[in-house]
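This report refers to the structure that appears directly beneath it.
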Amino acid sequence: MDYIVLDLEWNQCPGGKDKENKELPFEIVEIGAVRLDSMRRYADEFHCLISPKVYRELHRITKDIIKLSMEDLDGGPDFVQAMKAFEEWCGRSGEYIFCTWGAMDLAELQRNCRYFHVEYKAPKPFVYYDVQKLYSLCYDDGKSREALETAVDERGMRKDAPFHSAVYDAMYTAQLLEEMDFDKVSAYSSVDTFEIPKSRAEEFTLDYGTYSKYVSRGFADRDLVMHDPNVISSRCYLCRKAVRKKIRWFSTNQKMYYNLGYCEEHGYLKGKIKIRRSYDGLYYAIKILKLTDEAGAQQVKQRQLSARQKRRKRRHKEKEKLRL
């Protein structure tokens with residue numbers, strides 16, 4: 625399988641958020657990509673400047689970052705033509721996997737495809753490699769996220785081309801991917817959720833060895849999410865057996881939920897559910913289950929205790945207001 629390292633540059637409304645097109649807050653103006661073969665060796669590259677149709681003036685920040693003018697962009701094809709050329713260059717679906725620096729590019733690619741009525745059939749689930757995350761797993765704590773130029777400097781790589789050019793950023797990202805210990809981090813792919821599962825049958829769980837990630841279908845009402853059996857179920861991702869509940873799902877802010885279970889074979893299992901809203905306005909859950917130790921179990925218990933204390937304080941304040 626090939627690796628297609630993708631980078632995009634986009635423009636936004638020069639008049640600010642109040643005047644932006646809500647269906648297209650970011651309009652792609654440049655596509656850059658590098659193809660690596662199955663051994664992660666350079667094979668080819670793609671570059672295309674795109675003539676914008678929605679925002680016919682560059683935002684001052686965009687202009688400063690990408691160092692392009694509207695005259696430069698107007699020499700290129702429109703987004704529909706650019707995507708056709710890019711898809712042809714990518715080749716057959718299933719024979720490559722996308723790699724990006726960060727998590728935004730694929731979502732914006734799909735948003736632009738929707739807006740301009742480009743039929744882009746992303747795989748389901750849409751699995752890709754976030755090289756920024758892999759870099760942190762290889763060289764840092766796995767949680768921090770460095771800027772691309774910072775990573776290039778840290779690895780002592782040559783900087784022969786400017787940053788914030790889609791094709792050059794793709795090249796730098798590809799070079800970082802080439803030199804890292806990929807076998808160490810290849811299991812930690814990411815999944816894009818711009819297009820969420822449309823039905824229970826399309827819901828999926830990815831097993832990363834040290835944790836699992838489940839993505840639900842969409843719900844019209846936020847409250848329905850945490851009443852769905854698939855969402856709130858907990859099974860050990862190693863043995864697939866149901867775990868004994870130690871702490872039921874509880875919330876800290878109505879967007880994040882936590883629980884604690886116990887697997888007789890593998891020990892404590894902590895869970896986290898993030899409730900998000902999709903592009904179509906539906907609510908969906910991302911559930912992560914991970915094995916933990918006694919210290920991790922105590923952290924979940926402490927989090928529950930803190931949540932209870934906050935609720936008590938909030939109720940007390942509400943009662944005081946009513947008395948006044």
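Residues in the sequence shown are numbered from 625 upward in steps of one, following our numbering.
Glycine is no exception: its CB is placed at the ideal position from the N, C-alpha and C atoms.
* Nearest neighbour of residue 861, chosen from 891, 793, 929 and 729 [CA to CA] -> 891
* Continuous beta strand (DSSP E) assignments of at least 3 residues falling wholly in the stretch 739-812 -> 750-754
* Report the residue from 820, 793, 801 and 827 whose alpha carbon sits nearest the alpha carbon of residue 761. => 801
* What did DSSP end up calling residue 858 once you bin it into helix, strand or coil? -> coil
* **Short Cβ contact (9 Å threshold) for residue 925 with residue 893** => no
* Beta-carbon spacing of residue 913, residue 859 below 9 Å -> yes
* To do: With DSSP as the reference, label residue 698 as helix, strand or coil.
  => coil
* **Inter-stretch contact at 8 Å, needing at least 3 Cβ pairs: the stretch 718-737 / the stretch 690-699** => no
* **Closest by C-alpha distance to residue 735, when choosing among 818, 696, 678 and 680** => 818
* To do: State the CB to CB distance for the pair residue 751 and residue 815, rounded to an integer number of angstroms; the pair is presumed to be in contact (CB under 8 Å).
  => 5 Å
* To do: Mind checking who residue 897 pairs with in its DSSP beta bridge?
  => 881 and 911
* To do: Identify every residue that forms a DSSP beta bridge with residue 671.
  => 656
* For the putative contact between residue 939 and residue 876, defined by C-beta atoms under 8 Å, what is the C-beta separation to the nearest angstrom? -> Residue 939 to residue 876, Cβ: 16 Å. No contact.
* Asked: Just checking, does the stretch 783-800 make contact with the stretch 833-846 on the three C-beta pairs under 8 Å criterion?
  -> no
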